[in-house]
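Trainee: Just passing along the structure, written as structure tokens.
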Amino acid sequence: MSLWSGSNYVGPEELNWYQGKGRFTYPNGVVYEGEFNKGEFHGDGVLIYPNGGRYVAKWERGKMIEGKYFFYDNLEYKKDDWDYCTL
59 MSLWSGSNYV
69 GPEELNWYQG
79 KGRFTYPNGV
89 VYEGEFNKGE
99 FHGDGVLIYP
109 NGGRYVAKWE
119 RGKMIEGKYF
129 FYDNLEYKKD
139 DWDYCTL
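In my numbering, each residue's number is its place in the sequence shown (first place is 1) plus 58.
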């Protein structure tokens, strides 16, 4: 656990970098499970939120390049046809 941030990483390391498949937990309870390269999210990974929602995405050098959000009940959020909260 990082003493200054309260975050936690479990997984392989290479030359003091997070490398390969691992699990990173933020102090607010959000968890990233997936691939790392040189300490950054890279490849396939999932952000899991404390409310049960999850963001399944592909990452490149720490930035999300494509992904989908799913609510706790597995309902997928789709911006173009989101009619659930309209009058």
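No residue lacks a Cβ here, since even glycine has one placed at the ideal position from N, Cα and C.
Can you tell me the Cα-Cα spacing of Glu-134 and Lys-96, whole angstroms?
Mentor: Going from the Cα of Glu-134 to the Cα of Lys-96 covers about 31 Å.
Trainee: Identify the continuous beta strand (DSSP E) that holds Leu-105 and give its terminal residues.
Mentor: Taken as a continuous stretch (DSSP letters only), the beta strand (DSSP E) holding Leu-105 covers 98-106.
Trainee: According to DSSP, which residues form a beta bridge with Phe-82?
Mentor: Per DSSP, Tyr-67 and Tyr-90.
Trainee: Taking the straight line between their C-alpha atoms, what separation do you get for Gln-77 and Tyr-67?
Mentor: Near 11 Å, if we compare the C-alpha coordinates of Tyr-67 and Gln-77.
Trainee: Given a cut-off of 8 Å on the beta-carbon distance, is the pair Gly-69 and Gly-80 in contact?
Mentor: Contact: yes.
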